[in-house]
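Before any comments, here is the structure.
In my numbering, the protein residues as written are 922 to 1211.
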């Protein structure tokens, strides 16, 4: 009789999958040594922590020689006064704040522990009466997966560009995310930035912005979004050393996804607007492109 791999036992028998969270009176303190940041390895687990599974289901089920570990994010309970909009709805790529069964929790990516599958399985088998495994709601699972994906989609923009662009982006982000299709979902699938150079200290930066819209975005909403992007661009150009890129192969400022080619989109990097969709309960975050 063939014995299932450790990962399959965790996935099938124990229900350990992406978005699962483990609650127990205590956890092995030795797991703290599996943190990537040396300065975090002396930080012990507190008894009111829960451990959130970040690994994808396919990685959990994979054989140990391919994927020997599972990523667990320690979540600490926090009081409402500790909630910060910049850490909610996957807006931050470093800190995750999430509500589970009415309790607010916070996790930091540098506190992640990558626990060997065999150790996790043995610990669960030895603590069947005290370790409980539950699953995030579908809404919170979307937040978790968007939060993890955003860590890999970030691009390092020049500091001077960030100093000019980020305050304007924050000013217009809510307005851009407020437009809805007839189905009630956000019109904006993503906001994309084209920059001619990522070098620090450049005398001039040529840039372009593209609000990529869902195919069913009505004309009035498309025009309103286009005007808002144009306003953002005009304010950006008021800063010395920033000019709009005038390339004939770049699309307009607001285009439906059906009108933009992959070749055009590869000239841009995606700016995180997912948190707006997640906050409004929009399930469709769009493709991971850019």
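By construction, the Cβ of each residue, glycine as well, lies at the ideal position given by its N, Cα and C atoms.
Query: C-beta atoms of residue 1137 and residue 1102 nearer than 8 Å; Result: yes
Query: Assigned secondary structure, residue 1029 (DSSP; H/G/I helix, E/B strand, else coil); Result: strand
Query: Assumed close pair residue 950, residue 965 - CB separation to whole angstroms, cut-off 8 Å; Result: 5 Å
Query: Under the three-state DSSP convention, the category residue 1210 falls into; Result: With a pLDDT of 37 at residue 1210, under the threshold of 50, the predicted position of this residue should be treated as unreliable, though the coordinate-derived value follows. Of the three classes helix, strand and coil, the one that applies to residue 1210 here is coil, per DSSP.
Query: CB contact flag (residue 1065, residue 931, <8 Å); Result: no
Query: Stretch-stretch touch, CB-based, cutoff 8 Å, three pairs: the stretch 1017-1034 with the stretch 969-988; Result: yes
Query: Presumed contact (8 Å Cβ cut-off) between residue 1188 and residue 1115, rounded CB distance; Result: 5 Å
Query: Alpha-carbon spacing of residue 1053 relative to residue 947, whole angstroms; Result: 12 Å
Query: Limits of the beta strand (DSSP E) - the one that residue 1053 falls within; Result: 1053-1056
Query: Inter-residue Cα distance where the pair is residue 928 and residue 982; Result: 4 Å
Query: Residue 1089 - containing alpha helix (DSSP H), residue span; Result: 1080-1098
Query: Length of the line joining the Cα atoms of residue 989 and residue 995; Result: 19 Å
Query: Of the residues 1112, 1122 and 1161, the one placed nearest residue 1146, counting alpha carbons only; Result: 1112
Query: Three-state class that DSSP yields for residue 922 in the structure shown; Result: Caution is warranted here: a pLDDT of 41 is assigned to residue 922, below 50, making its placement in the model unreliable, and the coordinate value is therefore given only provisionally. Of the three classes helix, strand and coil, the one that applies to residue 922 here is coil, per DSSP.
Query: Nearest-angstrom Cβ-Cβ length linking residue 1129 and residue 1180, presumed shorter than 8 Å; Result: Contact flag wrong, Cβ pair sits at about 16 Å.
Query: Simplified DSSP assignment, three categories, for residue 1063; Result: helix
Query: Beta-ladder partner(s) of residue 1187, from DSSP; Result: Looking at the DSSP assignment, residue 1187 forms no beta bridge with any residue, so it has no partner.
Query: CA nearest to the CA of residue 1017, picked from 1023, 997 and 1157; Result: 997
Query: Residue ranges of each beta strand (DSSP E) within the stretch 923-993, 3 or longer; Result: 941-944 and 971-974
Query: Bridge partner(s) assigned by DSSP for residue 995; Result: 972
Query: Three-state secondary structure (DSSP) of residue 1127; Result: strand
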